[in-house]
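Working notes, beginning with the structure itself.
Number of protein chains: 4
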Amino acid sequence: MNFASDTAAPAHPKVLEQLAAANSGPAVSYGADGWTLQAEAMLSDLFEFNLRASFVSSGTASNALALSLLCPPTGGIICHEQAHINCDERGAPEFFSHGARLMPLTGLHGRIKAQVLQQKLQETDESFVHATPPKALSISNLTESGCCYTPEQTTSLAQMAKTAGLGVHMDGARLVNAMAFLKARPADLTCKAGVDVLSLGFTKAGAMGAEAVILFGSNADMFDDFEARRKRAGHMPPKQRFVAAQVVALLQNNLWLELAEHANTMAQKLRDGLLEQGICILHPVEGNEVFARLSADQTSQLRDGGAAFYSWPDGSARLVTNWSTKHSEISSALALL
Amino acid sequence: MNFASDTAAPAHPKVLEQLAAANSGPAVSYGADGWTLQAEAMLSDLFEFNLRASFVSSGTASNALALSLLCPPTGGIICHEQAHINCDERGAPEFFSHGARLMPLTGLHGRIKAQVLQQKLQETDESFVHATPPKALSISNLTESGCCYTPEQTTSLAQMAKTAGLGVHMDGARLVNAMAFLKARPADLTCKAGVDVLSLGFTKAGAMGAEAVILFGSNADMFDDFEARRKRAGHMPPKQRFVAAQVVALLQNNLWLELAEHANTMAQKLRDGLLEQGICILHPVEGNEVFARLSADQTSQLRDGGAAFYSWPDGSARLVTNWSTKHSEISSALALL
Amino acid sequence: MNFASDTAAPAHPKVLEQLAAANSGPAVSYGADGWTLQAEAMLSDLFEFNLRASFVSSGTASNALALSLLCPPTGGIICHEQAHINCDERGAPEFFSHGARLMPLTGLHGRIKAQVLQQKLQETDESFVHATPPKALSISNLTESGCCYTPEQTTSLAQMAKTAGLGVHMDGARLVNAMAFLKARPADLTCKAGVDVLSLGFTKAGAMGAEAVILFGSNADMFDDFEARRKRAGHMPPKQRFVAAQVVALLQNNLWLELAEHANTMAQKLRDGLLEQGICILHPVEGNEVFARLSADQTSQLRDGGAAFYSWPDGSARLVTNWSTKHSEISSALALL
Amino acid sequence: MNFASDTAAPAHPKVLEQLAAANSGPAVSYGADGWTLQAEAMLSDLFEFNLRASFVSSGTASNALALSLLCPPTGGIICHEQAHINCDERGAPEFFSHGARLMPLTGLHGRIKAQVLQQKLQETDESFVHATPPKALSISNLTESGCCYTPEQTTSLAQMAKTAGLGVHMDGARLVNAMAFLKARPADLTCKAGVDVLSLGFTKAGAMGAEAVILFGSNADMFDDFEARRKRAGHMPPKQRFVAAQVVALLQNNLWLELAEHANTMAQKLRDGLLEQGICILHPVEGNEVFARLSADQTSQLRDGGAAFYSWPDGSARLVTNWSTKHSEISSALALL
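Protein chains in written order, with numbering that gives the first Met the number 0: chain A, 0 to 336; chain B, 0 to 336; chain C, 0 to 336; chain D, 0 to 336.
Structure (structure tokens):
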């Protein structure tokens with residue numbers, strides 16, 4: 000009964016199978032191998048869009064490298080105050096951008112509120128050289144509260160940002176969970192909604208460690224710059240085929256969407272069981288995360304019974320399901336209460 | 000017949016076996032898992048020394064993170080002019096150290112010459128605030144020319160450096176090849192010779208992507224700082240067990256040493272065959288690399304026959320063997336000439 | 000009638016006299032001149048404390064260099080949300096610290112509220128590598144609202160910070176105005192209250208461009224590091240005597256304190272006149288700044304009549320007096336309303 | 000008899016006069032004052048070219064800020080191995096550029112040799128992501144050996160650089176000495192020869208501390224970026240009129256050229272006197288610097304007699320004249336030998 004994080008989960012067996020398949024004979028180093036080409040082509044198909052993709056093994060790197068393309072050292076990055084880039088990446092955005100500033104905004108359920116963004120943008124006076132102006136907007140989908148941005152919501156925020164001259168980044172560490180919940184086409188959630196650069200997660204979806212950074216449309220002009228930044232950050236693995244192969248494994252037959260649907264279903268089952276016991280759920284369950292307000296007794300019952308999870312800064316218990324969560328784990332956890 | 004690089008090689012089957020073994024059930028994220036603990040303990044045993052170890056997936060990151068501990072932004076890093084950190088890491092040392100300067104020195108076969116180091120250190124006037132003083136020495140073993148530093152050679156350079164107040168780093172991307180060639184104990188090549196921080200390579204030895212950064216003795220006091228730097232550089236993988244498990248696989252039963260002995264043997268066989276044909280070998284073959292002066296015809300014969308290798312800046316052909324190189328590949332390559 | 004800023008004021012005639020006096024014959028470059036030594040000695044006397052002082056020509060540099068000593072790239076700097084370092088220095092703290100994060104707190108009249116600081120410090124979990132921990136506290140005295148921290152208030156905040164392992168910085172761009180208002184000894188406001196590094200302003204006090212960075216007590220151990228950082232930031236002027244001479248001019252016979260008393264008196268006179276006209280004053284006038292809530296008509300009357308001032312983000316008019324403000328300017332301004 | 004440096008000299012009286020003239024009444028802060036506008040207009044006239052100019056108080060800042068416009072963090076800056084940016088600025092180029100690498104080349108008398116530059120550019124393979132490619136060329140005129148680049152020499156180097164996609168910077172800390180020696184128009188030495196960004200020195204020419212950074216032609220598009228970088232580096236002085244006024248003082252009636260001619264004449268007189276005594280002069284005296292090979296006895300004779308100068312790394316004595324050097328100082332120094 001591990002609900003600590005989807006990063007605590009093992010990799011899906013198909014990922015290991017693909018790694019084994021990729022492990023035959025020599026391959027060109029540093030990204031010129033066939034698996035990398037295949038993974039990029041599969042992403043082009045998936046997003047139905049002109050794009051360039053690059054593969055790294057960590058989500059923090061994926062986010063920070065992407066942001067460093069969109070925001071100069073003298074600019075700022077607007078994000079939600081609970082965003083992973085703001086709370087959980089130890090200043091990686093500042094490091095990779097050479098000192099850009101995060102500009103956290105508020106909003107329910109981890110979503111940046113449109114009016115709050117509008118106000119922030121209106122306050123900005125580019126001609127005032129003394130203050131840091133925002134230069135990029137970063138949207139997390141799923142949010143840190145496990146909620147989705149619909150295509151309309153993303154479009155609305157992205158348009159505001161673009162009108163003000165900002166680039167638009169999406170932290171899609173759990174985008175596939177949003178795809179599964181909204182039954183939306185990937186393009187509608189991202190490039191067609193105005194996203195310039197997407198950090199797309201595969202690790203939480205079932206990989207060992209694989210993330211894609213995707214430059215949509217004309218943003219692909221920055222690809223060479225991206226590769227240079229990736230190299231000097233130590234994120235261009237010499238045996239890159241083993242990162243790309245994981246992506247291939249998860250994209251084949253849309254396996255990752257199937258896995259995300261399962262994780263989402265498990266979260267909904269958990270939510271329903273908790274609600275039945277009169278436990279308050281803080282955020283709509285639109286992905287694979289349940290935030291429950293547990294009493295101290297309930298917390299102990301769960302932990303003593305062997306359920307792992309984190310206490311969240313807002314006072315709730317965060318319960319994360321994943322591709323490997325079993326129906327029986329949900330039932331057992333609920334039975335502990 | 001792939002002699003392009005040891006990073007073009009696949010991973011050893013035992014590495015995949017260990018990955019599969021590590022892929023059962025949940026594990027704590029970000030390095031508090033059992034495989035990480037086991038890998039660190041195995042390194043303590045191997046080096047017979049008090050140490051802390053951290054695991055990353057790229058050699059560039061391993062080097063640059065290590066150097067950022069030893070050299071402040073206002074200092075310099077002495078290295079050989081052909082060092083990987085100087086020629087092949089796209090400014091990663093500068094990035095991670097926030098602008099420290101590389102100070103390349105000359106020396107035969109990729110080894111820093113003691114007199115040249117001595118002179119560089121003597122020229123330094125710490126009281127002259129206008130010039131960048133060296134603060135760290137980085138030694139590559141194997142060198143970029145495929146040669147070893149003996150324990151005595153490392154000790155000699157490290158003592159000079161320490162006397163001048165510098166920290167000592169070793170880039171051990173191919174240290175196991177040096178261990179195999181010199182039949183030396185790991186400690187004698189590193190901590191006992193004065194190395195403070197070691198970047199120890201497993202990727203070229205047979206992993207998919209795994210490197211250890213080892214802080215010896217009192218340098219372990221910098222471990223928390225190292226972890227903070229690693230995290231914000233995106234080099235603390237959430238599913239870290241899959242990096243550590245590769246290290247475990249290669250250290251078990253000293254598998255990596257066996258593989259390095261094989262790679263070294265293959266290089267010697269290749270060298271001997273080339274010498275028999277009257278081809279000049281530029282550097283002593285003390286590891287798994289052969290630098291051969293080929294005519295244009297010979298180059299074409301090899302390439303047309305299917306042998307992959309790089310032309311090196313010094314005009315030679317660099318031929319790299321690895322754990323998977325077969326006797327028949329050597330014979331076939333030699334037969335092409 | 001210029002109330003735009005104390006940086007809009009000219010330099011005091013004594014400053015020019017001292018520059019002329021310093022302008023005779025050659026002097027050693029880069030800070031080894033007699034005026035620099037004299038200025039440092041005068042500061043030692045003034046603060047009755049063991050210290051090292053260094054002189055730069057800009058307040059932004061003075062703050063950012065000081066903070067870079069106290070906060071590593073992986074840490075955070077706690078300050079008031081209205082602090083100059085947060086609002087008006089275009090990311091200089093991030094630049095000089097290589098990406099440390101500003102952590103703005105709230106509090107009335109620009110003062111950090113003790114409870115808010117306490118809570119921020121208690122929330123910090125140093126063992127959680129993923130979040131940026133605060134490593135320095137920066138206090139502005141005067142605050143951005145023109146108010147003082149008493150020695151007791153500074154001591155209280157500094158003790159909390161030190162208990163939590165933070166270094167303490169004071170932005171004293173207008174410290175002399177606080178000295179004048181509180182009739183407090185400089186040491187009581189700074190080193191004896193727990194300040195480690197002080198950015199002490201002379202430009203707003205009557206210089207052309209001169210600021211001191213003062214390292215108190217054992218912090219002087221960082222002096223060499225400071226000088227190296229200052230040099231590579233281009234803030235070690237070759238003809239440094241001309242910066243130090245300005246400091247000498249203002250410290251002689253406590254001229255700067257006399258000038259600050261005058262500026263403060265002018266502010267009080269302005270405040271009194273505005274209050275008589277029923278105009279609301281937003282913050283206690285404890286230095287040389289008056290924040291008045293003016294109607295649109297009143298704003299126009301003043302501006303049309305030739306009074307220069309800035310509209311402040313809080314909706315008030317900020318009216319700043321300085322050493323050169325004349326009684327008649329205050330009367331004329333008040334007469335416009 | 001001070002030949003230590005032209006930065007050891009006092010400021011010219013006209014500079015103080017202009018400072019006094021600028022010191023009347025209030026002026027807008029941070030560069031929107033009349034003196035700044037006047038100084039920029041005078042530079043436009045002088046260079047007969049469309050340009051934007053910004054003023055800082057230090058040559059190190061002027062160089063490093065300029066280079067940060069031309070070279071990204073992932074690129075390299077080609078310069079002469081003796082260049083001030085390479086030897087005397089404590090890593091300022093690395094700091095301001097966020098880690099770009101200096102690429103020092105050789106050449107007689109401090110001049111980059113055209114063939115050496117050509118070879119360096121030809122070696123560069125932009126498609127090889129692992130190595131740092133040069134992105135800017137920095138030329139020092141005067142060189143560190145006190146020699147000039149003629150317009151033809153600069154044009155030749157700049158064309159090579161531009162053909163390879165590099166931006167061209169000139170460190171003109173002593174450009175006015177080159178103007179005086181070559182009797183060349185400023186434009187012919189800079190913008191018309193292919194210089195994109197010029198760091199133009201006034202401090203050594205007779206100011207207290209004033210340097211201009213000039214963006215020629217379409218490079219002016221980077222002016223806003225430059226101002227943002229300048230601000231966050233603490234190099235936008237609040238009372239900027241006092242920097243600009245120094246430039247105005249020196250440009251009026253071409254005073255600085257007259258002063259440079261004097262300094263050059265003094266250097267030639269010193270050279271002639273030394274040659275008469277059979278002393279070897281290492282570099283052509285094309286500005287205000289004489290590099291003399293003195294015996295230990297001669298060195299003592301000069302120093303004991305009260306002449307100040309530095310021993311240079313090449314073993315010579317560097318003797319620098321300046322605007323205030325008197326004929327009698329030269330005679331007295333020569334008489335000591």
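C-beta: ideal position from N, C-alpha, C; glycine also.
- Between the region 249–263 of chain A and the region 128–137 of chain A, the count of C-beta pairs closer than 8 Å stays below three; the two stretches do not touch.
- When Cβ-Cβ separations below 8 Å define contact, B:Cys86 makes contact with chain D.
- Contact annotation: in the region 126–149 of chain A, residues whose CB is within less than 7 Å of a CB in chain D are Val128, His129.
- Cβ neighbours of A:Trp34 within its own chain (closer than 7 Å, five residues either side excluded): Ala21, Arg240, Ala243, Ala244, Val247.
- According to the DSSP assignment, D:Gly305 belongs to no beta strand (DSSP E), since it is labelled neither H nor E.
- Within the region 146–193 of chain D, the runs of alpha helix (DSSP H) at least 4 residues long that lie entirely inside it are, in chain order, 150–162, 174–181, 185–188.
- Restricting attention to B:Leu141, B:Phe95, B:Gly164, B:Phe94, the CA atom closest to the CA of B:Gln117 is found in B:Gly164.
- Put simply, the backbone Cα of A:Gly205 is about 39 Å away from that of D:Ser96.
- In this model, D:Phe48 and A:Phe94 are separated by some 39 Å (Cα to Cα).
- Chain-order list of chain D residues neighbouring C:Val27: Ala3, Ala7, by C-beta distance under 8 Å.
- If you ignore the 5 residues before and after A:Glu260, its C-beta comes within less than 7 Å of the C-beta of Ala179, all in its own chain and listed in chain order.
- Taking A:Gly305 as the centre and dropping the five residues before and after it, the same chain places the C-beta of Met0 closer than 7 Å to its C-beta, in chain order.
- The beta carbons of B:Leu104 and B:Lys119 sit closer together than 8 Å.
- For D:Ser294, the secondary structure class from DSSP, reduced to helix, strand or coil, is coil.
- Counting only the Cα atoms, B:Asp220 lies some 15 Å from B:Leu66.
- Taking 8 Å as the upper bound on Cβ-Cβ separation, chain C lies near no residue of the region 173–206 of chain A.
- Our two residues, C:Gly106 and C:Gln114, have alpha carbons roughly 10 Å apart in a direct line.
- Contact between A:His83 and A:Asp170 holds: their C-beta atoms lie close to 6 Å from each other, under 8 Å.
- The region 321–333 of chain A and the region 6–19 of chain B do not touch, with fewer than three beta-carbon pairs separated by less than 8 Å.
- Taken in chain order, the whole beta strand (DSSP E) runs of length 3 or more contained in the region 184–239 of chain D are 196–200, 210–215.
- Using a 10 angstroms sphere on the CB of A:Lys182, the tally of other CB atoms stays under 16, which defines it as exposed.
- Here the C-alpha atom of B:Glu125 lies approximately 19 Å from the C-alpha atom of C:Val27.
- In chain order, Leu136, Val167 place their CB closer than 7 Å to the CB of D:Ala160, counting only its own chain and leaving out the 5 sequence neighbours on each side.
- A Cβ-Cβ separation of about 6 Å places B:Arg110 in contact with B:Tyr148 under the 8 Å criterion.
- Counting C-beta pairs closer than 8 Å gives fewer than three between the region 227–241 of chain D and the region 38–45 of chain D, which falls short of the contact rule.
- Under the 8 Å criterion on CB atoms, C:Leu301 is classed as non-interfacial with respect to chain D.
- Sequence-distant Cβ neighbours of D:Gln158 in its own chain, meaning closer than 8 Å and more than five residues away, are Gly193.
- Between C:Gly171 and chain A, the shortest Cβ-Cβ separation is not below 8 Å.
- Per DSSP, reduced to three states, the secondary structure at D:Arg270 is helical.
- Residues of the region 67–78 of chain B that bring their beta carbon within less than 9 Å of a beta carbon in chain D comprise Pro72, Thr73, Gly74, Gly75, in sequence order.
- Taking C-beta atoms under 8 Å as the contact rule, D:Gly90 and C:Arg229 fail to qualify, at a distance of about 12 Å.
- Of the other Cβ atoms in all chains shown, fewer than 16 fall within 10 Å of the Cβ of A:Ser310; this residue is therefore exposed.
- In the three-state DSSP reduction, D:Asn49 falls in the coil class, being neither helix nor strand.
- With respect to C:Phe201, C:Ala186 sits apart: the two C-beta atoms are not nearer than 8 Å.
- With 16 or more other CB atoms across the displayed protein chains lying within 10 angstroms of its CB, B:Asp5 is buried.
- If you ignore the 5 residues before and after A:Thr264, its C-beta comes within less than 7 Å of no other C-beta in its own chain.
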